[in-house]
Every structure is written in C-alpha cells, then in structure tokens.
Amino acid sequence: MKRWMLWIGLIALLALTVVKLALNKRTVIERVYRHDKHAPVHVTVEAVLAGRGGQGPRYGGTIVPVREGRVMAEVPGRVLHVAVREGQQVRKGDLLAQLDGELLRLQQEAALVQVAALEKDLARYRVLTAADAVQGVQLEKTEQALHSARIQLANVTEQLQRTTIRAPFDGEVTQLLVQEGSVVAPSMPVATLSDPRELEVLLHVNEKDVAQFQHGQTVQVTMGDRSTPFTGTVHSIGRRGDVANRFPVRIALSADTRIVAGMSTTVILPNSTTVDQVTIPARALLGSAIEPEVYVVRDSVARRMPIAVATAGDGRMIVQRGLTAGDLVVTSGAVSLHDGARVTYR
C-alpha cells in the first residue's frame with residue numbers, strides 16, 4: 001500500500017513539474033520581442049535650411065612638408081654605423097649611415113693592381129712595337145685590356161663611395177628605418193628626410209568639387225582650435241585622381257613657427273556669390289563622405305537619397321545637390337530604418 005502511494009505521489013509531482021514548465025515556456029514566448037516591420041519607427045528630423053552664407057565651402061586637409069623624400073641604399077651591405085637619430089636636423093652631405101664596404105675595398109685594390117700591371121705592359125709593348133719586336137695586334141689587345149680594367153676600377157670605386165649614405169638636402173630626419181647590423185639591398189629605404197621650413201596644405205578633393213579650385217586662388221586655412229586663420233595660395237591641382245576619384249590639391253603657406261607637419265586643417269574657399277546656401281546637420285549624413293546619403297521623410301515614409309555636400313562648419317554641411325529647403329532629414333534613429341520605412345517623428 002505504501003509503495004502504491006509513493007508511486008502516485010511521484011507521478012503527481014512529475015505532472016506538476018510538466019505543467020509548470022509549460023506555463024513558463026508560454027510566459028517566455030509571450031515576452032519575446034517580435035519585430036513588426038510594418039510598425040512605424042520613431043525618429044528625430046530637422047528641416048533643410050537655406051540662407052546666405054558668408055563663407056564658401058570647407059575642406060579638410062593636412063600640413064605636409066613641401067620637400068620630403070626617402071633616402072635609399074644604392075648598394076647592398078650590412079649597416080656598420082647609424083650617425084643620426086629621428087628628429088635630428090641635418091645639412092646636405094651629412095653622414096646618415098655607413099655600410100660595410102670591405103669586400104668592395106678588396107675589389108678596388110685588385111683593380112688598382114691590375115691597372116698598374118697593364119700600364120707597365122702597355123709601356124713595354126709600345127717600345128717593342130716601335131722596334132718591330134712584337135706585332136701591333138699585341139699592343140692593341142693590351143690597350144683594350146687596360147681600358148676595360150680602368151672602367152672596372154671606376155665602377156668599384158663608385159660602388160664603394162655609395163656605401164657612405166649622406167643627406168641629399170637640408171632637413172630633419174623624420175623616420176629612421178635601419179639600425180646597426182641591418183642588412184640592406186639596393187632601393188631599400190634607410191631614412192625619411194623632410195624640410196620643416198617649407199610646409200603646405202594637402203587636400204584630397206572629390207571630382208565634383210575640384211573645379212572650385214584655381215591656380216593662384218587665395219584661401220583661408222584654420223588649424224584645430226586656432227581662432228585666427230592663415231592665408232594660403234593654391235599652387236598645384238592634380239590632374240590624375242586616386243582610386244576613389246579624389247584629386248590632390250596643394251596650398252602654399254607663409255612661414256609660421258606655429259605650423260607643424262601633420263596638423264589637421266580646414267581650408268575655406270572664398271564665397272564669391274550671394275545665392276542661398278542649402279544646409280543640413282552633419283549628423284544626418286549616412287555612408288561615406290565620397291558617396292553621402294540621407295533619409296528624407298515625406299508623407300511619414302523615410303526614403304534614402306544620395307546627395308552631394310561640402311563642409312560648411314559649425315556642425316553643418318552645404319548641400320550641393322539632392323535636397324531643397326524645407327525637406328525633412330532624419331538626424332536620429334536612422335539605425336532602425338530602411339528605405340520605404342514608415343516613421344513617426346518630432
């Protein structure tokens with residue numbers, strides 16, 4: 001009797017457990033979030049503004065040296081001595097590094113001995129040829145051998161001189177790429193040298209905007225948090241773009257001790273027109289600066305649209321194409337959107 005009661009109790013406990021698990025599963029399923037793609041997404045929007053701007057478009061750039069180059073090894077060898085350090089100022093002709101030239105020195109000595117011996121032979125054959133003691137062909141062969149030996153000597157001497165690596169111009173060692181004991185090969189960079197006295201701004205401008213730059217054009221250049229802009233002059237506009245169809249534009253700067261290579265800059269073009277400028281908040285932009293897009297809300301539906309922009313400053317972008325004043329662009333909540341999504345907004 002007791003055994004039957006025990007079994008009945010176990011079965012009842014098991015039944016209660018199954019019922020409890022089923023109820024828990026139902027509760028969990030009810031609490032799971034299911035995205036309703038037809039439900040409207042709440043976003044924040046701002047209207048596209050139009051106004052007369054006092055400045056032209058802005059473009060980000062970098063301060064770079066006008067003169068910069070990598071110093072290459074011209075002969076193979078092991079680095080015996082590095083004579084400079086990064087940040088050191090050097091003059092043209094100063095020693096940068098010395099390569100092991102022992103093998104070349106031995107070759108030079110051998111070439112010197114060979115040239116000396118052939119010069120003696122040539123002098124002797126000239127005397128003998130004049131006395132008809134030897135044929136003239138022997139004299140010609142000796143002259144040719146001496147000429148070849150002198151060329152070999154000159155080549156070895158030049159190679160030996162190239163084991164001494166010197167600065168090609170006045171400047172600063174901005175990067176040292178070898179150390180003592182390193183083995184270098186021809187065309188391998190040893191150091192990067194730049195002249196900090198002459199600096200310029202380098203821009204990479206997309207193909208839609210490059211026509212706004214002209215040779216000799218005066219522009220304003222601002223650096224970081226500096227309130228006083230510098231004046232620059234456009235002196236080079238590249239005619240070949242990179243893989244992203246951006247063209248290099250270089251702007252000459254007047255000498256100023258506050259300007260250092262590597263600084264970020266903003267270049268402001270002159271605004272020669274008085275037409276209204278259409279602007280949007282920079283935070284409304286989607287994608288890259290090369291192919292910017294925005295979500296435009298019309299009739300409570302978000303549409304993803306490509307536009308063309310230029311930097312205007314103060315967190316706003318000048319819209320060059322794609323929007324008109326009064327359009328509503330999404331500034332917050334775009335991460336939950338897709339083209340054609342229904343929205344509510346404020």
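Here my numbering is used: position 335 in the sequence shown is 335, and no number is missing along the way.
In this text, a Cβ means the ideal position worked out from N, Cα and C, and glycines have one as well.
For T324, the three-state secondary structure derived from DSSP is coil. The Cβ atoms of Q98 and L80 lie closer than 7 Å to each other. Residue range R246 to L253 is occupied by the beta strand (DSSP E) that includes R250, with no alpha helix (DSSP H) assigned at that position.
In the DSSP assignment, L95 forms a beta bridge with R166.
Excluding residues up to 5 positions away in sequence, P292, E293, V294, V319, R321, G322 and L323 lie with their Cβ nearer than 7 Å to the Cβ of I307 in the same chain.
For V210, the three-state secondary structure derived from DSSP is helix. In this structure, Y345 sits away from V48, with a CB-CB distance that is not shorter than 7 Å. In the DSSP assignment, Q144 falls outside any beta strand (DSSP E) and within the unbroken alpha helix (DSSP H) covering G136 to Q161. The shortest CA-to-CA distance from I151 to any of E140, G87 and V115 is the one to V115. Taken through DSSP and simplified to helix, strand or coil, S332 comes out as strand. Cβ contact annotation for R246 (same chain, cutoff 8 Å, sequence separation greater than five): H204, V205, N206, E207 and I290, in chain order. DSSP, reduced to helix, strand and coil, places A302 within a strand of the structure shown.
By alpha-carbon distance to L202, the top candidate from L146, M263 and A244 is M263. Here the alpha carbon of V343 sits roughly 9 Å from the alpha carbon of D299.
Of V329, L328, R304 and G315, the smallest CA-CA separation from D339 is found for R304. Here A211 is exposed. Its C-beta has fewer than 16 other C-beta atoms within 10 Å. Of the residues L103, R85, T233 and L104, the one whose Cα lies closest to the Cα of L95 is R85. The three-state secondary structure of I11, taken from DSSP, is helix. Excluding its 5 nearest sequence neighbours in each direction, N155 has no C-beta neighbour in its own chain below 7 Å. For L176, the uninterrupted beta strand (DSSP E) run begins and ends at G171 to L176, by DSSP.
The continuous beta strand (DSSP E) containing A47 extends over residues V41 to A47.
Taken through DSSP and simplified to helix, strand or coil, R197 comes out as coil. With fewer than 16 other CB atoms across the displayed protein chains lying within 10 angstroms of its CB, R258 is exposed. Pairing A325 with Q220, the inter-Cα distance amounts to about 28 Å.
Excluding residues up to 5 positions away in sequence, L96, I165, A167, P168, P189, V190, A191, T192 and L193 lie with their Cβ nearer than 8 Å to the Cβ of V71 in the same chain. Annotation: the continuous beta strand (DSSP E) that includes V219 extends over T218 to M223.
CA-to-CA, the gap between S336 and L286 works out to about 13 Å. The C-beta separation of V278 from L328 comes to about 13 Å, leaving the pair out of contact by the 8 Å criterion.
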